[in-house]
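Colleague: Here you go, one structure.
Residue numbers (the numbering used here), protein chains in the order written: chain P, 86 to 370; chain S, 169 to 388; chain Z, 5 to 473; chain C, 163 to 357.
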């Protein structure tokens, strides 16, 4: 039976838009890599510690990576961890960093720029920059994103190399995330958490097993698990995540589930109709 | 002559990187990389070939007032605006084509961000709809092959969502297994075969047997 | 003058450079008794190829052995060189090694262990490179890993000159490549083992020189494959020229081409031929253009309405030549119009939007989607499906094949795409190359089977030979 | 643009035409600024002595346009011939060395282990072999060969189905990105305006 394809499109569109507007919150089971990432920040970092958050993705994978960045930033800020933001992805990493940081910071009015967090902007040549930062971050990023020299920013006074920080979080779409694990962690020992897109997540399990990573948020699903953990631990963030209009991984995951189920339902339906309406004598194939 | 020179050129140009692949001598590598740098420029020149064709076709359309000619004006307008700022940017007018040092957009960059990117993103987003309609139509258990296709697709789709995991732990595992073993095996087979086919095609081109791309016909 | 004559000959023998080769081959082959190349018996060449395939692992293993051998030689000469250098330090070589042994022992006993001195330091030209680099190797002290030893490689260009650090390595590493050197200039190296603040220097090496090499030995496997492969292809091309028919299995997608062109003609509708979105540097595009040549010839014969929209400007230029020539060959140059092959835009999705728009408006009866495609594959194929066109697709992009298979009537999968021009034209020379390719495939299958067997019984050289360095 | 899903319409056509023009203009800018300027013009201006050979590159580029002059149109093929020849040579070695050899090598898996791993290795080996035999052109696919190539087709079908199913998630992500934009930046403000 032929259904007008527009009916299918309609279903898909509704299946996408409704969960974006109304939170459904289908249950998510927490997987160990995400739990590891959460525990690292929750239990092993103290108030006042520094975390480096690197935006290694662009607008094309923002639906997957942005919720991870948001959840990690919210978690850090709620716990009083100071955040240094950088961007290493050439195609729009900087604009993502600016957008997400501004969005999250607006939820925490008590935070001061230059004291509690700082955005150092984009640097070309990711791998070289990552190596150089082990020697001197001030040489890699002479100024922050606004052109202010680093020495004028209180937070950066005591940060020179990876040794002055407790954690690196990379939200990655390409190979840059792998470099954090197999280059920065391997050579300089700083713990690394990576949030890759779902497509590249399988590669990262090897690094996780080799203890080169302290946690892994695989794609939208990993992000939604992290959101669940954060919401359960911080009532204030639960409120934030209940804000209508805010795009979260939980919503994204709902959309994924629903659209997948719609497609499966249509396929199954199509086959049932096909078998019931099939003429008795089987055609030779 | 008209036929032989291009074939000789192809042969020579094809031999250079092949030799450079095996011989690490500096000058051999240099010949190869120099040629490479030339060809990047040739490809750059080629774009204008396309632009000339587009302008020709669309001005013709407007002249003849062929059906849909107003759209040709829109097209040319888009081309002219963006092209103008692009060329001007090359002469360092309007601050080039990227963002200015203070973070503000140059006209070219602005058009890119607010014209080009959203349109591109929207086209890309259409894919999800098309996947739904294609899967509905194509995944029918018509015969053995189609049934295998259908089952593999359903299993993987189900195993990718949390719902599948809730039903049984085995769905994500099965998905991973299918992707990692049979899928990988088939992809390898395709890749090996296709790489051999491509190499054979390449050999035919270098030897001048395959020459239709030059418009030289098949005869010898 | 004789030189010029020679050149003239060269050119006259060049409808294609291959001919020259084939002619000599043909002459040679007369020497064989008739029947030596018959289709049934495995020809000597196959045996030769088989032989080569099976034995090249041995060969590569040999080369590997040689390389370690030469490293060994370097090691010996390195230690021989030591006397001079050590003499300056005031101790004799013979005692040196035993002294080191004692030092290592004391280091192990002491509570604050001093780093063990690294032994067996050698420096030699880095093999298979273009020059300008020297590889320094050393033997790792026994307990380096437990100690967490670190190494620094020091270099000087005079025997008594000052050493500067040129490289670092951690425990577990036993070599370091020093780059950016001047070929022919003498360099001397030392390896410093460091443990916390303490360090110990090894003896300096003998003078080492870097130079450019002539062959990348680690690519020997590729050379063997190239030789086997091209001789198989050339051999079958020669044979095909002597009118030995070659069988090719049915490829449904290609049998459908005639029907698809015919249908468009009957319906009086357009045919769209989309040659992928990549440039002519992609071999799939070349394969697609070859098929386009065939389609255009049919289109000229039937007077069908063909259109080829392009995304890449060079592909556009090539496609125009191809179609023009096809119309000429079909004897209908009058039917060729320049607009048939046109240019759209360089952006993937803008191109897709234009082409899908065109499909919906002009409702072509037939779509060919053949070449290298990416994310737009499904957009094009599904739109084409929705307007009821017959669709023949083909690509070697593994990631896009599922979409074509799902949304098109026929799909040329991977290698079928490359075989298409031979299949369609039935030209013996092209068919011969397909046969040669098949023989290579057969040999690879044999090698793969053998590799699995050997790997299972624990013999590794097959996998070693196939592994790149 | 999304209205195209319903049917072709003037809005879509307008957007499509504008998009085509705009994108072509965009690439003019990119090619001028990122290819021709840094690779051709600047090297020639700054250090002609060291980069004189680039004149030939420009010459090859210009040759492409000879096709518009009838008398020398045939010369325009030269540029194409060099371009195709070079990259075909590069690709040939890349395919043989970078794809065939490592892929075959990676498939040489040991079947001597005990346990489930052996079975999976066997699946892998059989899969690759049967698919390769499916691509064997010069023998009729009957009897044993036919049987094996049938298995090859099954492997292909599993792969296509699985890869299709696997890609859904990525594509839906893209759609989510667009929809979030539409809902939050357009729909909500509009509803806000009305109420």
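Positions of the beta carbon are idealized from the N, C-alpha and C atoms, including for glycine.
Give the range of the alpha helix (DSSP H) segment to which residue 43 of chain P is assigned.
Modeller: An answer regarding residue 43 of chain P cannot be provided, because it is not within the stretch 86 to 370 covered by chain P.
Colleague: I want to know whether the stretch 399–411 of chain Z touches the stretch 247–259 of chain Z - three or more CB-CB distances under 8 angstroms.
Modeller: no
Colleague: Compare the C-beta of residue 229 of chain C against all C-beta atoms of chain Z and say whether one is closer than 9 angstroms.
Modeller: Closer than 9 angstroms to some Cβ of chain Z, the Cβ of residue 229 of chain C qualifies, so yes.
Colleague: If you follow the alpha helix (DSSP H) that residue 206 of chain S is part of, which residue opens it and which one closes it?
Modeller: 194–232
Colleague: Should residue 321 of chain C be flagged as near chain S, meaning a C-beta pair shorter than 9 angstroms?
Modeller: Output row for residue 321 of chain C: interface = yes.
Colleague: Please report whether the beta-carbon of residue 94 of chain P lies at a distance below 9 angstroms from any beta-carbon of chain S.
Modeller: yes
Colleague: Applying the criterion that 16 or more other CB atoms from any shown protein chain within 10 Å of the CB defines a buried residue, is residue 87 of chain Z buried or exposed?
Modeller: Unreliable placement is indicated for residue 87 of chain Z, whose pLDDT of 35 sits below 50; no coordinate value is reported for it.
Colleague: Could one say the Cβ of residue 318 of chain S lies closer than 9 angstroms to chain P's Cβ atoms, at least one of them?
Modeller: yes
Colleague: What are the boundary residues of the beta strand (DSSP E) that includes residue 119 of chain Z?
Modeller: No beta strand (DSSP E) contains residue 119 of chain Z, which DSSP labels as neither H nor E.
Colleague: Does residue 415 of chain Z pass the burial test, meaning 16 or more other C-beta atoms within 10 Å, or should it be called exposed?
Modeller: Per the 10 Å Cβ criterion, buried.
Colleague: Entirely within the stretch 133–184 of chain Z and at least 4 residues each: give me those alpha helix (DSSP H) ranges in chain order.
Modeller: List check, alpha helix (DSSP H) in window: 148–151.
Colleague: For residue 399 of chain Z, does the three-state DSSP call read helix, strand or coil?
Modeller: strand
Colleague: Cα separation between residue 226 of chain P and residue 235 of chain P?
Modeller: Rounded to whole angstroms, residue 226 of chain P and residue 235 of chain P show a C-alpha spacing of 8 angstroms.
Colleague: Taking a cut of 9 angstroms between CB atoms, which residues from the stretch 292–323 of chain Z lie near chain C?
Modeller: Interface annotation for the stretch 292–323 of chain Z against chain C: 317, 318, 321, 322, criterion Cβ-Cβ distance under 9 angstroms.
Colleague: Taking just the CA atoms, how far does residue 310 of chain P sit from residue 116 of chain P?
Modeller: 8 angstroms
Colleague: Measure the alpha-carbon distance for residue 150 of chain Z versus residue 268 of chain P and round it to whole angstroms.
Modeller: 22 angstroms
Colleague: For chain C, find out if any of its Cβ atoms is closer than 9 angstroms to the Cβ of residue 381 of chain S; answer yes or no.
Modeller: yes
Colleague: Is it buried or exposed for residue 169 of chain Z, if we count other Cβ within 10 angstroms and need 16 for buried?
Modeller: exposed
Colleague: Helix, strand or coil for residue 346 of chain C? Go by DSSP, reduced to three states.
Modeller: When secondary structure is reduced to three states using DSSP, residue 346 of chain C falls in the helix class.
Colleague: Buried or exposed: where does residue 459 of chain Z fall if 16 or more other Cβ atoms within 10 Å of its Cβ makes it buried?
Modeller: buried
Colleague: Can we say the stretch 441–459 of chain Z touches the stretch 219–239 of chain Z, given the rule of at least three CB pairs closer than 8 angstroms?
Modeller: Touching, yes.
Colleague: So that I know if they touch, is there some Cβ in chain C lying closer than 9 angstroms to that of residue 64 of chain Z?
Modeller: With a pLDDT of 47 at residue 64 of chain Z, under the threshold of 50, the modelled position of that residue is not reliable, and no figure is offered here.
Colleague: For residue 71 of chain Z and residue 220 of chain Z, I'd like the C-alpha separation in whole angstroms.
Modeller: For residue 71 of chain Z, the pLDDT reaches just 41, beneath the cut-off of 50, and the residue's location in the model is therefore unreliable, although a value from the coordinates is still provided. Whole-angstrom Cα-Cα distance: 12 angstroms.
Colleague: Compare the C-beta of residue 239 of chain Z with all C-beta atoms of chain S and state if any pair is closer than 9 angstroms.
Modeller: no
Colleague: Under 8 angstroms between beta-carbons, which chain S residues line up against residue 216 of chain Z? List them in chain order, please.
Modeller: 192, 193, 194
Colleague: In angstroms with no decimal places, state the Cα-to-Cα distance between residue 431 of chain Z and residue 424 of chain Z.
Modeller: Approximately 11 angstroms, taken between the alpha carbons.
Colleague: With respect to the beta strand (DSSP E) encompassing residue 141 of chain P, which residues constitute its N-terminal and C-terminal limits?
Modeller: 135–141
Colleague: Residues of chain P with CB closer than 9 angstroms to the CB of residue 171 of chain C, please, in chain order.
Modeller: Going along chain P, no residue has its Cβ under 9 angstroms from residue 171 of chain C, so there is no contact; the nearest lies around 13 angstroms.
Colleague: Count the C-beta pairs between the stretch 142–159 of chain P and the stretch 275–286 of chain P that are closer than 8 angstroms, then say yes if the count reaches three, no if not.
Modeller: Output reads yes: the stretch 275–286 of chain P touches the stretch 142–159 of chain P.
Colleague: On the criterion of 16 or more Cβ atoms from any shown chain inside 10 Å, does residue 234 of chain C qualify as buried, or is it exposed?
Modeller: exposed
Colleague: For residue 97 of chain P, count neighbouring Cβ atoms within 10 angstroms of its own Cβ and tell me buried if that reaches 16, exposed if not.
Modeller: buried
Colleague: Which chain P residues are close to residue 312 of chain C, counting only those with a beta carbon under 7 angstroms from its beta carbon?
Modeller: Correct list: empty, because the minimum Cβ distance to chain P is about 12 angstroms.
Colleague: Mind pulling the chain Z residues with CB within less than 8 angstroms of residue 263 of chain C?
Modeller: 225, 226, 229, 470, 472
Colleague: Please list, in chain order, the residues of the stretch 188–207 of chain C that have any C-beta partner in chain S closer than 8 angstroms.
Modeller: Of all residues in the stretch 188–207 of chain C, 188, 189, 190, 191, 192, 193, 194, 195, 197, 198, 199, 201, 202 have a Cβ within less than 8 angstroms of some Cβ in chain S.
Colleague: Spell out whether any CB of chain P is found under 9 angstroms from the CB atom of residue 337 of chain C.
Modeller: For residue 337 of chain C, the closest Cβ of chain P is nearer than 9 angstroms.
Colleague: With DSSP as the reference, identify every bridge partner of residue 274 of chain Z, one or two as the case may be.
Modeller: Z:309
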